[in-house]
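Protein chains in written order, with our numbering: chain A, 134 to 248; chain B, -16 to 95.
Beta carbons: idealized from backbone N, C-alpha and C, even for Gly.
Reviewing the structure listed below.
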């Protein structure tokens, strides 16, 4: 069975500072990895995804993530955050080789950007 | 394209009442999902469907039923609501299992 651990439940940062949201996963087979963002009172939007190929993945709104197979991690980064990046961020994993595989979500990281 | 839509957006029920949540997608996706979101618990899968006429249980199916009579619609039913079912419910759809899912705006349900 696959699982996802988001290591920080809350991350407060100041505007224009860099940020890293950490995500570790466990799975016995190859995986697809995703980061979603949820703004207050809205659904989840896909930020970026790793399916195969380059381990550095660029997404929307200036975010990027790096897939590290040896450390089973998929940390999300942004070099300079804005107030508008305040939201909850979810890491998700799927085991795409197993019939019936579905997305498994982490518990979320609340990013708060302060002026 | 509207993407994934959900109705209603808000609902208050009394314990023991029943209701149905409707999810619709216009992306011709085969796969559809119902999740509930509770503080500190992320998203938990209730039921899902791999195509018209099919349904399957997720992590937390008890107290819920679903139907997928048409490819574009996925209904979630609560036959006898309980306060433990107070939550925000999200519907999602995807082209294939394991691929990215597209989410609706959510339904906030309160059971008193």
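- The beta carbons of residue 10 of chain B and residue -14 of chain B sit closer together than 8 Å.
- Excluding its 5 nearest sequence neighbours in each direction, residue 140 of chain A has C-beta neighbours in its own chain below 6 Å: 155, listed in chain order.
- Taking the beta carbon of residue 175 of chain A as reference, the chain B residues within 7 Å of it are 88, listed in sequence order.
- Residues of chain B with a Cβ closer than 9 Å to the Cβ of residue 163 of chain A do not exist; the shortest Cβ-Cβ separation is about 11 Å.
- Put simply, of B:75, B:93, B:95, B:82 the residue whose alpha carbon is nearest the alpha carbon of residue 27 of chain B is B:75.
- Linking residue 95 of chain B to residue 62 of chain B through their CA atoms gives a straight-line distance of about 15 Å.
- If the five residues before and after residue 84 of chain B are omitted, its C-beta is found closer than 6 Å to the C-beta atoms of 75, 77, all from its own chain and listed in chain order.
- The beta carbon of residue 207 of chain A sits closer than 7 Å to those of 156, 158, 166, 183, 198, 200, 224, all from its chain and outside the five residues before and after it, given in chain order.
- Straight through space, the alpha carbons of residue 69 of chain B and residue 1 of chain B are spaced by roughly 13 Å.
- Two segments are said to touch when three or more pairs of C-beta atoms, one from each, lie closer than 8 Å; by this definition the region 212 to 223 of chain A touches the region 166 to 180 of chain A.
- Here the alpha carbons of residue 64 of chain B and residue 189 of chain A stand approximately 45 Å from one another.
- Linking residue 218 of chain A to residue 245 of chain A through their CA atoms gives a straight-line distance of about 8 Å.
- Within the region 46 to 73 of chain B, 73 place their CB atoms closer than 8 Å to a CB of chain A, listed in sequence order.
- Ranked by how close their Cα comes to the Cα of residue 213 of chain A, the residues A:146, A:238, A:239, A:192 have A:146 in first place.
- With its beta carbon at least 8 Å from every one in chain B, residue 197 of chain A lies outside the interface.
- In the displayed model, residue 145 of chain A falls within a strand according to three-state DSSP.
- Chain-ordered, the chain A residues with CB closer than 7 Å to the CB of residue 24 of chain B read 240.
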